[in-house]
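Student: Residue numbers (our numbering): 60 to 304.
Glycine included, C-beta positions come from ideal geometry on N, C-alpha and C.
Quick one: structure below, then a few questions.
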Ligand code: FPP
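Below you can see the structure in the form of structure tokens.
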């Protein structure tokens with residue numbers, strides 16, 4: 060019989076990787092220097108999730124709102140994504156990581172989009188860890204997109220509008236095929252959600268740390284998981300009901 064998964068280990072973790080710009084500023088370097096340093100922390104987070112047996116890791120790499128940053132920073136980030144795909148995919152694939160880019164990919168240059176699709180296709184059979192990279196992603200976009208897809212399916216006669224309930228709408232959201240989100244982590248000191256995974260956050264535990272993303276190491280992530288392991292997840296029930304199982 061397969062071992063029962065340890066409920067104290069989150070199956071799905073999402074991270075807002077905040078603080079790259081401030082990390083660079085502290086070193087009197089341009090913001091892009093911080094984004095480059097942030098890549099190392101991405102590697103750390105992936106290794107950590109593989110070691111702990113986390114099923115899904117969802118990273119907020121570029122929000123729908125990030126297009127309004129200075130043009131030089133946006134193009135540096137695009138360049139960084141392109142290079143990261145070229146450099147990292149072999150190793151991620153070797154480690155059994157399934158890569159998925161979630162968000163509205165239409166807005167990206169054809170070359171970058173092709174690389175994203177290539178990485179997704181190449182790693183699609185992997186099962187050790189789902190690594191979801193949210194790019195040009197917004198939680199409201201995800202919900203609106205799901206609503207549009209559901210309406211189209213209903214118009215095709217796949218179900219009636221009366222049958223469009225939470226579960227069915229959920230099936231059209233970006234991460235529907237993955238475990239429910241258990242733990243949301245935001246680094247860099249801000250205590251907000253910033254339009255990330257709004258639908259999926261419904262029952263997630265929230266964890267905030269002042270550590271800037273490039274400084275995040277295994278110990279920092281272990282602290283977040285220790286904190287998670289102490290939480291009592293009640294889903295609307297009383298503490299007594301939870302204790303009784
Ligand atoms: C937020 O920090 C960070 C980003 C908008 C970019 C995140 C990108 C990376 C970590 C690069 C690597 C990612 C992948 C998946 C290859 P900020 O710039 O808002 O920092 P600040 O709040 O200190 O200004």
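If I'm right that residue 76 touches residue 272 with Cβ under 8 Å, what's the distance once you round it to whole angstroms?
Tutor: Rounded, the Cβ-Cβ distance is 4 Å, consistent with contact.
Student: So residue 69 and residue 113 are in contact, right, with Cβ under 8 Å, and what is the actual spacing, rounded?
Tutor: Right, their Cβ atoms sit about 6 Å apart.
Student: Within this structure, are the beta carbons of residue 144 and residue 174 separated by less than 7 Å?
Tutor: Contact flag set, yes.
Student: Note down the Cα distance separating residue 262 from residue 240, rounded to an integer number of angstroms.
Tutor: In a straight line, the C-alpha of residue 262 is about 8 Å away from that of residue 240.
Student: Is any non-hydrogen atom of the ligand FPP found closer than 6 Å to the C-beta of residue 241, if you look at the structure I gave you?
Tutor: Not under cutoff, so the answer is no.
Student: Among 106, 178, 288, which residue has its Cα nearest to the Cα of residue 146?
Tutor: Checked all of 106, 178, 288; the closest Cα to residue 146 is 178.
Student: I need the boundaries of the beta strand (DSSP E) containing residue 25, first residue and last residue.
Tutor: Residue 25 lies beyond the residue range present for the chain, which begins at 60 and ends at 304; the question has no answer from this structure.
Student: Pair every Cβ in the segment 82-97 with every Cβ in the segment 154-161, then say whether three or more of these pairs are closer than 8 Å.
Tutor: Short answer: they don't touch.
Student: Nearest-angstrom Cα distance between residue 73 and residue 197?
Tutor: When rounded, the distance between both Cα atoms is 14 Å.
Student: Could you check the C-alpha separation between residue 243 and residue 64 for me, to the nearest Å?
Tutor: Taking the straight line from one Cα to the other gives about 19 Å.
Student: Residue 294: buried (16+ other C-beta within 10 angstroms of its C-beta) or exposed?
Tutor: Classification of residue 294: exposed, given that the 10 Å Cβ count is below 16.
Student: Mapping the DSSP letters down to three states, classify residue 294 as helix, strand or coil.
Tutor: In this structure, residue 294 counts as coil in the three-state DSSP scheme.
Student: For residue 297, count the other beta carbons within 10 Å of its own beta carbon; 16 or more makes it buried, fewer makes it exposed. Which is it?
Tutor: Exposed, because fewer than 16 other Cβ atoms sit within 10 Å of the Cβ of residue 297.
Student: Starting from residue 120 and walking both ways along the beta strand (DSSP E), at which residues does that stretch end?
Tutor: Counting along the chain, the beta strand (DSSP E) containing residue 120 begins and ends at 115-122.
Student: Buried or exposed: where does residue 126 fall if 16 or more other Cβ atoms within 10 Å of its Cβ makes it buried?
Tutor: That one is exposed.
Student: Since I believe residue 95 is in contact with residue 141 (beta carbons under 8 Å), could you give me their beta-carbon distance rounded to a whole number of angstroms?
Tutor: Rounded, the Cβ-Cβ distance is 13 Å, inconsistent with contact.
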